[in-house]
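The structure appears right after this line, and notes come after that.
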Amino acid sequence: MLGEKHSLLNEFPEFNELIHNLAKSDAHFKNTMQRYDDMDKEIRELELNSSPIDDSEMHEKKHQRAALKDELYDFLKAKA
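In structure tokens:
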């Protein structure tokens, strides 16, 4: 869905408390989450502005976002 928010809190509601705690206490998690949020915001803005980049570039950005999300999910699962 175009323009849909993919924040970690939306994607993983079962980890809301852990996400908040790790964002305050773990620098690596916080930095990775910030990169993920920045990438998500960039993709959402491109989608809402009729994607002024080519499809392959958009696909690569979404792939990078998915890789960050996988890394964060693995981290959350390990800490839960």
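Numbered by full-length UniProt numbering, the letters in the sequence shown go through residues 1 to 80 in order.
Backbone N, C-alpha and C define an ideal beta-carbon position, used for all residues, glycine too.
Predicted, not measured: the structure shown is a model, and the values here were computed from it.
Pairing Phe-15 with Ala-23 gives a Cβ-Cβ distance that is not under 8 Å. A direct Cα-Cα distance of roughly 13 Å separates Ser-25 from Met-33.
Ranked by Cα distance from Glu-11, the first of Ser-50, Lys-69 and Ala-78 is Lys-69. Apart from the 5 residues on each side of it in sequence, Asp-38 has no Cβ closer than 7 Å to any other Cβ in its chain.
When rounded, the separation of the alpha-carbon atoms in Leu-76 and Gln-64 is 18 Å.
For Ser-51, the three-state secondary structure derived from DSSP is coil.
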